[in-house]
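Everything in the sequence shown is counted per my numbering, starting at 409 for the first residue and increasing by one. Heads up, the thing below is written out as structure tokens.
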Amino acid sequence: MSLTSFIEESRYNPLDVVERVAAAHHWSFERTGDDEITIVVGGRWTDYHISFTWMHGIEALHLACAFDFRVPERRRAEIQQLISFINEQLWVGHFDLWVADGMVMYRHALVLAGGMEVSSLQCEALLTAALEACERYFPGFQFVVWAGKSAREALDATMFETSGQA
């Protein structure tokens, strides 16, 4: 690789695309550095704090979506079980429980190896997957923590589909 191509490669930053997507949706965002942007998106249940991180070393665009929800120590085992059940349902991305602070988070990454560039559509797809998963399963986390339900009961409640109208 010539020095010129290295300089050109290093100028590309996929977070510029993410920033344009956030601005187009009129979402509040903050660029905390060259390798991270945080977006706040209002959902039905809560606000979602989405962090995109450009990981140069592995050429991956990482998405982490958190919500203001802390799991008390006494309910963490049941939440871990619920997360396991939920992750079996997901085709892309996954939920994690950050044990140190009891925070539930959805995570996903897009590998852009070999100098691939991310498109707005890919960024939209990452965001859509994160928001849909969080919106769908947020009540399940609440059922476990606040209503004392089991992981299976919470999953069944979130998977329940209604048809028709009353």
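No residue lacks a Cβ here, since even glycine has one placed at the ideal position from N, Cα and C.
*Relative to the C-alpha of residue 479, which residue among 488, 499 and 438 is closest?*
488
_Going by beta-carbon coordinates alone, are residue 539 and residue 469 separated by less than 8 Å?_
Residue 469 is positioned such that its CB atom lies no closer than 8 Å to that of residue 539.
*Nearest-angstrom beta carbon gap, residue 481 and residue 559 [assumed within contact, 8 Å]*: The Cβ separation is near 16 Å, so there is no contact.
*Nearest to residue 496 by CA position, among 525, 541 and 528, is which residue?*
541
*Could you pull out every unbroken alpha helix (DSSP H) segment of at least 4 residues lying fully inside the segment 458 to 520, listed in chain order?*
484 to 497
_Taking only three categories from DSSP, how would you classify residue 452?_
coil
_What would DSSP say about residue 438, mapped onto helix, strand or coil?_
strand
*Can the beta-carbon of residue 515 be found closer than 8 Å to that of residue 555?*
no
_Let me make sure I understand the geometry here. Which of 456, 422, 430 and 525 has the alpha-carbon closest to that of residue 443?_
It is 422 whose Cα lies nearest to the Cα of residue 443.
*What are the start and end residues of each continuous alpha helix (DSSP H) run of 4 or more residues lying completely inside the segment 531 to 569, in chain order?*
With a minimum length of 4 residues, the continuous alpha helix (DSSP H) runs that stay inside the segment 531 to 569 are 559 to 567.
*asked:* By DSSP's criteria, residue 444 is part of a beta bridge. Which residues make up the other side?
replied: 441 and 461
*Considering only residues of the same chain and omitting the five flanking positions on each side of residue 416, which have a CB-CB separation below 6 Å?*
Per-residue confidence for residue 416 stands at a pLDDT of 46, beneath the threshold of 50, marking its modelled position as unreliable; no derived number is given.
*Ignore the nearest five residues each way along the sequence and tell me which others in residue 414's own chain have a CB closer than 6 Å to its CB.*
The pLDDT assigned to residue 414 is 45, lower than 50, so where the model puts this residue is not dependable; a value taken from the coordinates is nonetheless given after this. Correct list: empty, nothing qualifies.
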